[in-house]
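Q: Residue numbers (this note's numbering): 4 to 134.
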Amino acid sequence: MKFTSINSLLYLLPAALLASAGVFNSPAAGSTISSTEPFNLTFTSGKYYKEQSESITVLLAPSPFTRTGTTLVKDLAPSTVGIYVYYSDLTPSYFYGGNTTGLFDIVILETYSAYSGIPATDVWTQTVTIA
């Protein structure tokens, strides 16, 4: 009979934490993006096992995010399966046209199948400066 100590399982903890929440790989929190040029969005979903990430919708909203924002992309499919990763080059857009600068939240609405196939949505935000 083989026994496993708790210390031998500690190396799995970071992977378990990563799998429990969505991760903005790009842009980084607090980074500055152009008001007129595309920026790279890379998002890794934390869904695994009995949950399946289906798509994301990305909004741009003045910070702090309350309820509304402009849609940058809708129903973006994941680029990978298993560990769901989303990639896209997006250009900021604003209500009423013109460029606006300051603190904004990139908001991700993640649509996924929860346990037993029940449809669900998670909301993730990342604050950036638009200049």
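Where a beta carbon is used, it is the ideal one built from N, C-alpha and C, also for glycine.
(1) If we count Cβ pairs, one from each stretch, closer than 8 Å, do we get three or more for the region 49 to 59 versus the region 30 to 37?
(2) Which stretch, first to last residue, makes up the beta strand (DSSP E) that contains Asn-43?
(3) When the Cα atoms are used, what is the spatial distance from Leu-93 to Pro-67?
(4) Let me confirm a value: Phe-98 is counted as buried when at least 16 other C-beta atoms fall within 10 Å, else exposed. Which label applies?
(5) With the cut-off set at 8 Å, would you say Ile-36 and Val-126 are in Cβ contact?
(6) Go through its chain and collect everything with a Cβ distance to Asp-78's Cβ below 6 Å, but skip five positions before and after it.
(7) According to DSSP, is Tyr-51 helix, strand or coil?
(8) State the CB to CB distance for the pair Tyr-115 and Lys-50, rounded to an integer number of angstroms; the pair is presumed to be in contact (CB under 8 Å).
(9) Looking only at its chain, what residues have a beta carbon closer than 6 Å to the beta carbon of Gly-25, apart from the 5 residues adjacent to it on each side?
A: Let me spell this out:
(1) no
(2) Residue mapping note: residue 43 aligns to position 40 of the sequence shown, counting from 1. Counting along the chain, the beta strand (DSSP E) containing Asn-43 begins and ends at 42 to 47.
(3) The residue labelled residue 93 in the question sits at position 90 within the sequence shown. The residue labelled residue 67 in the question sits at position 64 within the sequence shown. Taking the straight line from one Cα to the other gives about 20 Å.
(4) In the sequence shown, counting from the first residue as 1, residue 98 sits at position 95. It counts as exposed.
(5) Within the sequence shown, residue 36 is the residue found at index 33, counting from 1. Within the sequence shown, residue 126 is the residue found at index 123, counting from 1. Contact: no.
(6) Working through the sequence shown from its first residue, we reach residue 78 at position 75. Contacts found: Ser-58.
(7) What you label residue 51 is simply residue 48 of the sequence shown in a count that begins at 1. Coil at Tyr-51, not helix or strand.
(8) Taking the first residue of the sequence shown as 1, we reach residue 115 at position 112. Taking the first residue of the sequence shown as 1, we reach residue 50 at position 47. Contact flag correct, Cβ pair sits at about 5 Å.
(9) Taking the first residue of the sequence shown as 1, we reach residue 25 at position 22. Same-chain partners within the cutoff: Ser-48, Gly-49 and Trp-127.
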